[in-house]
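First residue of the sequence shown? That's 1 in the working numbering, and the numbers climb one at a time after it.
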Amino acid sequence: MARVLLIDDDAEIRETTAIRLQIGGHHVISAATPQEALTMAADHPRFDVAVLDLHLPRADGDELLDLLRHNTATADLPVVFYSANAPHATSVHGLSLADARLTHGRPLNSLLATINCLSH
1 MARVLLIDDD
11 AEIRETTAIR
21 LQIGGHHVIS
31 AATPQEALTM
41 AADHPRFDVA
51 VLDLHLPRAD
61 GDELLDLLRH
71 NTATADLPVV
81 FYSANAPHAT
91 SVHGLSLADA
101 RLTHGRPLNS
111 LLATINCLSH
């Protein structure tokens, strides 16, 4: 079981993704904005992985990743970019996972498998 920080501004996608990850056995803390995500990261015990939407209000996923990297509590946190609106944009910081399986067909199953790999 991984502790997952899930950041997505779309409530429906955030809820669906969180439920699927919870069914997969993970503990999920969700945030709707980059600022909320930074607060969650500071207020909760260490996360095993963060799942970031690339298209967030007031900051995109890349900007939030930079903020996470400059915070000592989250500097080495594995990050998965996951976006319903960008089929080419799913990746892990430092490791490209731009595989069609992550964004087409069964993307939540692929996300779950990616989180399982990163958290072990």
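Glycine included, each C-beta is placed from N, C-alpha and C at the ideal position.
- Pairing leucine 65 with alanine 37 gives a Cβ-Cβ distance that is not under 8 Å.
- The residue from Leu67, Arg20, Thr72, Ile13 with its alpha-carbon nearest to that of alanine 32 is Ile13.
- In the structure shown, leucine 118 falls within a helical segment according to DSSP collapsed to helix, strand and coil.
- In terms of Cβ geometry, alanine 18 and arginine 46 do not form a close pair [threshold 8 Å].
- Alanine 113 is positioned such that its CB atom lies no closer than 8 Å to that of aspartate 48.
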